[in-house]
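Sequential numbering from 12 applies to the sequence shown in the numbering used here.
Cβ atoms here follow ideal geometry from the backbone N, Cα and C, with glycine treated the same way.
Quantities reported herein were computed from a predicted structural model and do not represent experimental measurements.
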Amino acid sequence: MASAAVAAGTQNQLANEDYTVGWICALATEYVAAQVFLDQEHMPPTFTAAHDNNDYTLGSIGEHNVVIAILPGGEYGIASAATVGRDMLHTFPNVRIGLMVGIGGGAPTLKHDIRLGDIVVSEPRDGLAGVFQYDYGKNIQDQPFHKTGFLAPPPPILLTATSGLRAKYERYGHSIHQDVMTRLVAEKRLKKKYSRPAADTDCLYRSHVIHPQREGSCLDNCGRDAQSMSIRTARDEDEDDPAIHYGLIASANQLMKDAKLRDQYATEKGVLCFEMEAAGLVNHFPCLIIRGICDYADSHKNKEWQGYAAMTAAAYARDLLYKISPKRVEGEKKLIELVENISEAIRTTSEVITRIESTVAKDEDDKILNWLTPTPIDYGSQYSDLLKVRQPETGQWFLDSTQYQTWLATQKQTLFCPGIPGAGKTILASIVIGDLFHRFESVRDVGIAYIYCNFQSQEKQKIDHLLASLLRQLAQRRPSLPQEVKFLYDNHKIKQTKPSVDEISIALQSVVRLYSRVFIIIDALDECETECRSTFLSHMFSLQAGTTANILATSRPIQTIEKDFGSRSEMVKISARDEDVERCLDNDMKTLPLLGKDNKGLSEKSKQSLRTRIRTTIVEGVNGMFLLARLQLASLVDKTTVYELTTALESLSKGQNALCQAYGLTMTRIRDQRPGFRYLAERVLTLLTCAKRLLRTSELQDALAVTEGDASLDESKRGHTNIIVAVCAGLVTVDADSDIIRLVHETTREYLASHMNCIAPQDALTTIANPMETDDEENTIAMAKAHRTFAIICVTYLSFGVFESGFCKTDDEFEERQQLHQLYAYAAHSWGYHAREASTYCPSLQCFLLDSPKVEASSQVLLATESLWSPKQSQSAPKRVTGLHLAAYLGLEDAVRILLKDWQNVDQKDSHNKTPLMYAAESGYESIVRLLLAMNKVDISAKDHDDRTPFFFAVMNGHKSIIELLLATGKVHVNAKDGRGRPPLSYAAERGYEAVVKLLLATEKVHVDEKDAYEATSLVYAANRGHEAIVKLLLATEKAYVDEQDAYGATPLFYAAKEGHKATVKLLLATKQVDVNVKAFAGRTPLYYAANNGHEGVVKLLLATEKVHVDVKDIYRATPLYYAANNGHEGIVKLLLATGKADANAKNGSSQTDNPD
């Protein structure tokens, strides 16, 4: 568009009411650019409203009379912009359209090639009004943005004009750069500051590159190599330069200087530009926002491009006004009237939005909590089910005890409650949980969390699950989801990773600190896997040391567990009190037919006498074991005469063998049932004892309905729950809330597993062993047969004709398949386990492995990734999985040997390019690897879709023996890199496989200092996870770069300090080769993160070097003291202040002081 020169000396005096266009600037640079692009300047206003402190420039562009205002000098941000807009409308009441024109920080992405000098115009997107108001969260860096308000969209007249101008530019191009240069010919004083800078000063640095806090240009300090800078080609002649971009502009009270957060919101929200005023203006001065890009909203800010960016934005605004007819403007409402309507609309809309956002926030919170525990165990339902079986008033002795009352009243207390099997520990734990909920029902400031450990849930109850379950429960009780949990989610969302155990533990500590009191109940610690239990208790005691948490745990009296608690806890031994046993017996004696109301042949006095005798005999003999009392009472159910009953009472055992006898008597009762009942009971008990995990009622019903050779499920063969429970004579129970059918106690499973030879589900007429005795050899054979039975059931189920369609093509189809076929998931996951435990190979397994569609279908269930980020992941499973792949993955040696006889291609690949050898190496089955290696044609160097070889899979899973086998071939490249640029050593170091690291180092071929795509070495990974032994091994080679920085500028010391690994920090400091003040992530040092995360021991170590910069500031001018104080780490605050080098009154970028008072 041709530029009209400003008519020098032409100064009209117009009335305030003659001005219909309002134009607001924030900076003097923007104000100058706006004035330059006026076609004509007018005389200043003759009148300003009371309390209007704005400075105005009046003039015209085309036929529009324009009033330009600037924010007061030195004042920036949302509030100041709102004030300027309101005051303008009081002084110039006829303004009908508004513009805010100036500079901003660009957010370039692959989709939007934004460069310095380009222009961004606000335009509504995805339900947002064109301007997105956010704040930074509590700590600015490493915290998510939060949308903080409803903003009005630009007026339709301006959006229409924008669309028209956009079409014109697209067809004919624009002359913005020429217009700027033409104006500067007449404004020679401005030429130096407002001309376009040289092209080589337009530097887009990669997000991990932080500008150091020292003098000098970006090029001098940060370089211009490809590792530091994004290399972009020059724009072609047919491309607009500067380019115009339309979309969201993010607005806040604080300058955006963090490239990682910029990229996050550019990607997630589509934000094109960041600035500081628009959000305060649009609801008080409806307008279009136009921003010239002067920097990239990162730490590399400079003023070189500000003048030119202000000019390009002003030039665009002038072209836009020429696109709007003055008559159209006259037809618009006055902005002062529109603001009143907007205010009312916003009030109404805000109420609706508040309700919607509340629902959305809950959905988002649920998504985060489900991410935290993707395969949760429903402890709440377990608690409800257990409390239902409690007899009234039982366990009151414990609640009244001095130890419990002291535990309740005193912070940081541990109560350890050991008890023999069957003493009622789990019920007692539930009684305690119920008491706590009752006491603190209306006190939201008290946190309660609990876990029921279970032997058959060990596969799920790993250390990360246990800690995450506690974190989830405590987070759910807060009025809103704690920022610490949201931070954990957001921190891993970008990389699609899962949090480490240490990260969960740190978040748990932070959430516990939000409460005034926290009570944690852990039941049946002895049923937790040994190594996991030790680690879990370590984290629990660490949690208690750093917070006010109280812990109560129950367990069998196992010496190692008692030692773990030691002197740190008070102990209360759990045993069934006589009065509690009597209450239970009184309730259960109603089931004895001989003593029932219907038995008229026995007087009430005789019945009462028998009740007393039963009560006395059983209470004296059970020695504090509820379970034994119930089993012994149940053994009397079939007694029909007084003689039979009293004889049975006299024969009840006491002491150590009593429980075994009680189970034996129960098995005798089951054996003595009618054949149909007996067969059903034995089949149920076999499946529940062998099951890899707890079964749902519907899963067991499907399993019971399957017979080898079935082609489909016959619904009429499914058993009824009430009959299943009844025929098992008290050994089986159903947890109604969780729909779990299980053996009544862990000792029941232990007894049946050691007496499996007394069950004969294959033939109801076979003579079975004496249930009171056991023969180890016979029992081993019986257990193998039991597993063979379950394996056949599973494979028969997986072979049903309905699965001939193979791999499900959609998530919905996948979910529907599992819902319609209840046993399908269990069968797919567990058939291999049962087959491995079976004594003999079964032909039906081989038939299944040769049925490609059904193998693919079951493999989809088995191999679908349990993603933390998407609940529907069926399509993540590999296709084209063969029987050989599956048999190798499941460790089925006989099956692999038979398949290899006729298998044409032993290196056959699935859709993820994985071979059978990769599957065997991944799962750790040495015998399978040997079989495959014996096939001379096997390709040891084959790579999957992530460029990983079998050797990679063995290393990544810590399978030392398989690594040795592969190394022995002489065909392994130990320094090969996968698709992420990582060598095998880095995975072994990260995952803590000390033996594997030793083995790799012993080859003397491993490059210890090898870097991955993020420039991280194996030492970085080991230090980040706190694997002290591995750090020692790597340092001992003297080949590890101790102070090497990764792509984010972080070193091994940085990560170790950030995660609180004190021993690792100590090791690294001892090398005297580390920079304790290294900066990464927004200019922060190791001391920052140690202080922020509450790692007091690490802070002490860093301060002890006497080299740490205590009062260093990050890019937001915040200090370590600020972060420590802000997160309530009182001990660290004292340590930092004690150095005499920390300024307690220093302010961060938000003008907040470090002083916690």
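| Item | Value |
| --- | --- |
| Once the 5 residues before and after residue 456 are set aside, which same chain residues still bring their CB inside 7 Å of it? | 526 and 527 |
| In the DSSP assignment, what residue or residues form a beta bridge with residue 591? | Paired residue(s): none; residue 591 is not in a bridge. |
| Figure out for me which residue from 1052, 654, 596 and 764 has the closest Cα to the Cα of residue 639. | 596 |
| List the endpoints of the continuous alpha helix (DSSP H) containing residue 284. | Element bounds for residue 284: not the alpha helix (DSSP H) but the beta strand (DSSP E), 282 to 286. |
| Look up residue 442 in the DSSP assignment and say whether it is helix, strand or coil. | helix |
| Evaluate residue 24 with the Cβ neighbour count: other Cβ atoms within 10 Å of its Cβ, from every protein chain shown; 16 or more gives buried, anything less gives exposed. | exposed |
| If you follow the alpha helix (DSSP H) that residue 408 is in, where does it begin and where does it stop? | 407 to 410 |
| May I have the straight-line CA-CA distance separating residue 1179 from residue 434, to the nearest angstrom? | Residue 1179 is absent from the structure shown; the chain starts at 12 and stops at 1168. |
| Specify the secondary structure class of residue 467 as computed by DSSP and reduced to three states. | helix |
| Short of 7 Å in beta carbon distance, which residues of its chain neighbour residue 676, apart from the five on each side in sequence? Order them along the chain. | 646 |
| Going by the CB atoms, is the gap between residue 119 and residue 307 shorter than 9 Å? | yes |
| Just how far apart, CA to CA, sit residue 443 and residue 410? | 7 Å |
| What's the C-alpha gap between residue 209 and residue 93? | 36 Å |
| Ordered along the chain, which non-local residues of its own chain (more than five positions away) have a Cβ less than 7 Å from that of residue 775? | Residue confidence for residue 775 is low, a pLDDT of 43 falling below 50, so the modelled location carries little weight; the figure read from the coordinates is stated next. Correct list, in chain order: 686, 689 and 690. |
| Under DSSP, the beta strand (DSSP E) around residue 530 begins and ends at which residues? | 528 to 534 |
| With a threshold of 16 other CB atoms inside 10 Å of the CB of residue 1013, please say whether the residue is buried or exposed. | exposed |
| For residue 814, which of 822, 583 and 868 has the nearest alpha-carbon? | 868 |
| If you check the beta carbons only, do residue 715 and residue 670 fall under 9 Å apart? | no |
| Does DSSP classify residue 557 as helix, strand or coil? | helix |
| Taking the straight line between their C-alpha atoms, what separation do you get for residue 124 and residue 49? | 30 Å |
| Can you tell me the Cβ-Cβ gap for residue 440 and residue 534, rounded? I've got them flagged as a contact below 8 Å. | 4 Å |
| To the nearest angstrom, how far is the alpha carbon of residue 431 from that of residue 836? | 36 Å |
| In angstroms with no decimal places, state the Cα-to-Cα distance between residue 885 and residue 822. | 6 Å |
| With distance defined between alpha-carbon atoms, name the residue in 929, 747 and 808 nearest to residue 394. | 747 |
| Is residue 1092 near the ligand ADP, in the sense that its beta carbon is under 8 Å from a heavy atom of that ligand? | The model depicted lacks the ligand ADP and carries no ligand whatsoever. |
| Determine the extent of the beta strand (DSSP E) in which residue 269 is found, giving its start and end residues. | Here residue 269 belongs to no beta strand (DSSP E), and DSSP marks it neither H nor E. |
| Per DSSP, what kind of secondary structure is residue 1156 in: helix, strand or coil? | coil |
| Relative to the alpha-carbon of residue 637, which residue among 610, 1052 and 599 has its alpha-carbon at the smallest distance? | 599 |
| Which ranges does the beta strand (DSSP E) cover as unbroken runs of at least 3 residues, wholly within the segment 113 to 148, from first to last along the chain? | 130 to 133 and 142 to 146 |
| Please identify the residue among 330, 253 and 681 whose C-alpha is closest to the C-alpha of residue 175. | 330 |
| Curious, which full-length alpha helix (DSSP H) runs of at least 4 residues does the segment 686 to 759 contain? | 686 to 701, 708 to 715 and 732 to 738 |
| Mapping the DSSP letters down to three states, classify residue 670 as helix, strand or coil. | helix |
| For the segment 1003 to 1013 and the segment 1040 to 1047, state whether three or more C-beta atom pairs, one from each stretch, are separated by less than 8 Å. | yes |
| Using the beta-carbon count (16 or more within 10 Å), is residue 722 buried or exposed? | exposed |
| In terms of residues, what are the limits of the beta strand (DSSP E) holding residue 251? | No beta strand (DSSP E) contains residue 251, which DSSP labels as neither H nor E. |
| Using the rule of at least 16 other Cβ atoms within 10 Å of the residue's Cβ for burial, across every protein chain shown, is residue 1112 buried or exposed? | buried |
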